[in-house]
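Visitor:
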Amino acid sequence: MFNHVPALLPPLERETVDGVRYYKVPNQDDFIKLVSITSVTSHFNREKFVKWRKKIGEAKANEITRKATSRGTDTHTLIEHYLLNEETLPEVQPISDFLYKIAKPTLNKIDNIHALEGSLYSKELGVAGTVDCIAEYEGELAVIDFKTSKYPKPRDWIDGYFVQAAAYACMYYELTGVSVKKLVIIMTCEDGECVVYEERDKTKYIKLLVNYIECFLNYQLEIHGK
Numbered sequence: 338m339f340n341h342v343p344a345l346l347p348p349l350e351r352e353t354v355d356g357v358r359y360y361k362v363p364n365q366d367d368f369i370k371l372v373s374i375t376s377v378t379s380h381f382n383r384e385k386f387v388k389w390r391k392k393i394g395e396a397k398a399n400e401i402t403r404k405a406t407s408r409g410t411d412t413h414t415l416i417e418h419y420l421l422n423e424e425t426l427p428e429v430q431p432i433s434d435f436l437y438k439i440a441k442p443t444l445n446k447i448d449n450i451h452a453l454e455g456s457l458y459s460k461e462l463g464v465a466g467t468v469d470c471i472a473e474y475e476g477e478l479a480v481i482d483f484k485t486s487k488y489p490k491p492r493d494w495i496d497g498y499f500v501q502a503a504a505y506a507c508m509y510y511e512l513t514g515v516s517v518k519k520l521v522i523i524m525t526c527e528d529g530e531c532v533v534y535e536e537r538d539k540t541k542y543i544k545l546l547v548n549y550i551e552c553f554l555n556y557q558l559e560i561h562g563k
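So for the sequence shown, the numbering used here puts the first residue at 338; every next one is plus one.
(1) Judging by CA-CA distance, which residue of Gly529, Tyr542, Gly514 and Lys392 is the nearest neighbour of valine 521?
(2) Please state the DSSP three-state secondary structure of threonine 425.
(3) Classify threonine 402: buried if its beta carbon has 16 or more other beta carbons within 10 angstroms, exposed otherwise.
(4) Whole angstroms are fine: how far does the CA of methionine 338 sit from the CA of alanine 420?
(5) Indicate the three-state DSSP secondary structure (helix, strand or coil) for phenylalanine 368 in the structure shown.
(6) Strictly by DSSP, which residues pair up with leucine 453?
(7) Can you tell me where the alpha helix (DSSP H) with alanine 398 in it begins and where it stops?
(8) Looking only at its chain, what residues have a beta carbon closer than 7 Å to the beta carbon of leucine 545, apart from the 5 residues adjacent to it on each side?
(9) So, does the stretch 341–356 touch the stretch 452–468, judging by three or more C-beta pairs under 8 Å?
(10) Tell me which residues share the same chain as tyrosine 437 and place their Cβ nearer than 7 Å to its Cβ, disregarding the 5 neighbours each side in the sequence.
(11) Going by Cα to Cα distance, which pick from Ser376, Tyr474, Thr540 and Ala405 is closest to valine 354?
(12) Thinking C-alpha only, which one of Arg351, Cys470, Ser456 and Lys460 is nearest aspartate 448?
(13) Among all the DSSP beta bridges, which residues are the ones paired with tyrosine 458?
(14) Using 10 angstroms around the beta-carbon of glycine 514, count the other beta-carbons present and answer buried if the total reaches 16, otherwise exposed.
(15) I'd like to confirm the pairing. Which residues does DSSP put opposite arginine 483 in its beta bridges?
(16) Out of Ser379, Tyr534 and Val362, which one is the CA nearest neighbour of tyrosine 549?
(17) What do you reckon, are the CB atoms on serine 459 and threonine 467 nearer than 8 Å?
(18) Leaving out five residues on either side along the sequence, give the residues of the same chain with a beta carbon under 8 Å from the beta carbon of tyrosine 556.
(19) Look up histidine 341 in the DSSP assignment and give the residues it is bridged to.
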């Protein structure tokens, strides 16, 4: 059984404008809209995906994206139910069930869960988002992100994952005053591997995060003039 020590986090409404996700964040008697950190990281890496789609063709790219999204969503759903100590899990496609079972021994290293699919925001950074998990991993408080893949990714391919995790760490500290010790990416792969990537140097990724945000804002200013 996983122990839960939930933090008091406000539920946030979401809306999408011109393909960009925003969160409505409380601000005195009204609210302000902050951009989703997912939209920020996606924007930063957009040129890589444009080149990839051109290389393999739109139809093939759409098929791969659809399958990856479905696989990831279903696996994430199973992980969430498991961490909530629910005995009955939803039925999903076989590949997602396979990935979830691969992940279970690693998931069992998690405890004292502070947030699961929790809404976070930072007015200082101007971003918001929904964190997969904030909990102790091997006894240390961490931002934990769950990923799926066909094969393990080289470490230098996943800086964006750690930038996003660092953003959640900043948001959580701003809202609660609690600092996490590390950033953890748990990636379950179709080849049967479950790989854990860890980073403790949050400062490095916070600096990258500021760069990501600046790039996004400059682009918005360029196309919208605001």
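In this text, a Cβ means the ideal position worked out from N, Cα and C, and glycines have one as well.
Guide: The structure says:
(1) To locate residue 521, count along the sequence shown from 1; it is residue 184. For valine 521, the nearest C-alpha among the options comes from Tyr542.
(2) As a first step, residue 425 is located in the sequence shown; it is residue number 88 there, counting from the start. Coil.
(3) Here the question's residue 402 lines up with position 65 in the sequence shown. By the 10 Å Cβ count, threonine 402 comes out exposed.
(4) Looking up residue 420 in the sequence shown gives position 83. Looking up residue 338 in the sequence shown gives position 1. Inspection of the sequence shows that residue 420 is occupied by leucine rather than by alanine. Taking the straight line from one Cα to the other gives about 8 Å.
(5) To locate residue 368, count along the sequence shown from 1; it is residue 31. In the three-state reduction of the DSSP assignment, phenylalanine 368 falls in the strand class, which pools E and B.
(6) Working through the sequence shown from its first residue, we reach residue 453 at position 116. Leucine 453 pairs with Cys470.
(7) The residue given as residue 398 occupies position 61 in the sequence shown. Taken as a continuous stretch (DSSP letters only), the alpha helix (DSSP H) holding alanine 398 covers 395–420.
(8) Taking the first residue of the sequence shown as position 1, residue 545 is located at position 208. Around leucine 545: Asp496 and Val500.
(9) yes
(10) Counted from its first residue, the sequence shown places residue 437 at position 100. Excluding residues within five positions, the ones whose Cβ falls inside 7 Å are Thr412, Leu415 and Ile416.
(11) Numbered from its first residue, the sequence shown carries residue 354 at position 17. It is Ser376.
(12) Here residue 448 corresponds to residue number 111 of the sequence shown, with the count starting at 1. Taking only the C-alpha atoms, the option nearest aspartate 448 is Cys470.
(13) Along the sequence shown, read from residue 1 onward, the residue named residue 458 stands at position 121. The partner list for tyrosine 458 (beta bridge, DSSP) reads Ala465.
(14) Here residue 514 is taken as the residue at index 177 of the sequence shown, counted from 1. Its Cβ having fewer than 16 others within 10 Å, glycine 514 is exposed.
(15) Translated into the one-based positions of the sequence shown, residue 483 becomes position 146. Looking at the sequence provided, one finds phenylalanine at residue 483 rather than arginine. Beta-bridge pairing by DSSP links phenylalanine 483 to Ile523.
(16) Residue mapping note: residue 549 aligns to position 212 of the sequence shown, counting from 1. For tyrosine 549, the nearest C-alpha among the options comes from Ser379.
(17) Numbered from its first residue, the sequence shown carries residue 459 at position 122. Numbered from its first residue, the sequence shown carries residue 467 at position 130. It is not a contact, given that the beta carbons lie outside the stated cut-off.
(18) Position 219 of the sequence shown, counting from 1, holds the residue named residue 556. The answer, listed in chain order, is His380.
(19) Here residue 341 refers to the residue found at position 4 of the sequence shown. In the DSSP output, where bridge partners are listed per residue, histidine 341 has Ile450.
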